[in-house]
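In this text, residue positions in the sequence shown follow our numbering: the first is 1, and each later residue adds one.
Beta carbons: idealized from backbone N, C-alpha and C, even for Gly.
As structure tokens, the structure follows; a few thoughts come after it.
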Amino acid sequence: MKILVTGSIAYDVLLQYAGSFKEAIKGTDLDGLSVSFFSPHYAKHHGGTGANISWNLRLLNQAPMLVGTVGSDGGEYVALMEERGISVTHIETLSKHVTATAIIGTDNAARQIAFFHPGADAHGTWPDLSDDREDIAWGIVSPRNGTLMVEAGQWLAAQKIPWIFDPGQLIIGLGKDELLTGMKTSDATVVNEYEWKLLSEKTGLTIESFLKISPTLIVTLGERGVAIHTRKEGLVEIPACKADKLVNPTGAGDALRAGFLTGLSKGWTLKQCGMLGASLASFVVEQEGTLIDFLDLNDVWSRAEGAYGEALPALQ
Numbered sequence: 001m002k003i004l005v006t007g008s009i010a011y012d013v014l015l016q017y018a019g020s021f022k023e024a025i026k027g028t029d030l031d032g033l034s035v036s037f038f039s040p041h042y043a044k045h046h047g048g049t050g051a052n053i054s055w056n057l058r059l060l061n062q063a064p065m066l067v068g069t070v071g072s073d074g075g076e077y078v079a080l081m082e083e084r085g086i087s088v089t090h091i092e093t094l095s096k097h098v099t100a101t102a103i104i105g106t107d108n109a110a111r112q113i114a115f116f117h118p119g120a121d122a123h124g125t126w127p128d129l130s131d132d133r134e135d136i137a138w139g140i141v142s143p144r145n146g147t148l149m150v151e152a153g154q155w156l157a158a159q160k161i162p163w164i165f166d167p168g169q170l171i172i173g174l175g176k177d178e179l180l181t182g183m184k185t186s187d188a189t190v191v192n193e194y195e196w197k198l199l200s201e202k203t204g205l206t207i208e209s210f211l212k213i214s215p216t217l218i219v220t221l222g223e224r225g226v227a228i229h230t231r232k233e234g235l236v237e238i239p240a241c242k243a244d245k246l247v248n249p250t251g252a253g254d255a256l257r258a259g260f261l262t263g264l265s266k267g268w269t270l271k272q273c274g275m276l277g278a279s280l281a282s283f284v285v286e287q288e289g290t291l292i293d294f295l296d297l298n299d300v301w302s303r304a305e306g307a308y309g310e311a312l313p314a315l316q
């Protein structure tokens, strides 16, 4: 069975600042804010929420079906994903536009400031997936063109396919009603700590009131791990899985999402899903760039067991 993933397909430009964003901005008059950060480091990588999640699902031997849009410069990226076994049938190419691009600056405490140009994705369309319906076990709607996120959620809900709502940076762009509908019709919502604050402010929801409209809220906490708020089990806390080294945190959240999707599609407990996601994410932060070229799953399982004191189920 396949896991439907819709989200951005993008190029990531990664910059690093040797100082602290917090200290550089601290005490600054925000009305007159105008700052510049020197970055001795530049690198361009493949990225995007949809592509990252799909790539990590393949590392876990799952079958992702990616729905997204690239521009005139995206052909080599699509070919790379197809080579890795990701279904690219529903990736459209718009030759009059460039592929989406993220420019991400990271400081000495792993804080990030990012800019995102949607490129071709701003002009994308939602495909006809009627012939694929019976092959889809789970889905995730991650940040991309807001209109297409809404369409994706509506399609998954109408088809009664379990799915995760991952609004991310589109929390600002989506309307209150669109956000509430996404949370109500999905089986889980996943956000980071800052995104939950924005989502709560925009919708007026607390964790308690959220759980009245949806069964599961997953909040990633960076180096503190992940908090899974559930209607049935209460709070499930997963400490972070320690990496051997921290190079760049970009893409860790997408790896965690792939771990959750893999576990959920296998009927695992939420704790086990979180353990797998956290372990996989710990390998992503050990390199620059979001796509791990090769990963021994025995290492992922071993690291999870070492961190949490219990073994993950074997993948069937």
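If you look at V5, you'll find it isn't in any alpha helix (DSSP H); it sits in the beta strand (DSSP E) that goes K2 to T6.
Look at the stretch 135 to 207 and you find these whole runs of alpha helix (DSSP H), each 4 residues long or longer: 146 to 158, 176 to 185 and 193 to 203. The stretch 177 to 192 makes contact with the stretch 211 to 225, as at least three CB pairs between them are under 8 Å. Taking all protein chains shown into account, Y194 has fewer than 16 neighbouring C-beta atoms within 10 Å of its C-beta and is therefore exposed. When secondary structure is reduced to three states using DSSP, Y77 falls in the helix class. Secondary structure note for Y308: its alpha helix (DSSP H) is the uninterrupted segment L297 to Y308. I228 has its alpha-carbon roughly 19 Å from the corresponding atom of E305. Beta-bridge partners of P239 (DSSP): none assigned.
In the three-state reduction of the DSSP assignment, G267 falls in the coil class. DSSP, read as helix, strand or coil, puts T230 in strand. The C-alpha of E208 lies about 41 Å from the C-alpha of K44.
Beta-bridge partners of V13 (DSSP): K44 and I103. DSSP places H117 in the strand class (E or B) of the three-state scheme.
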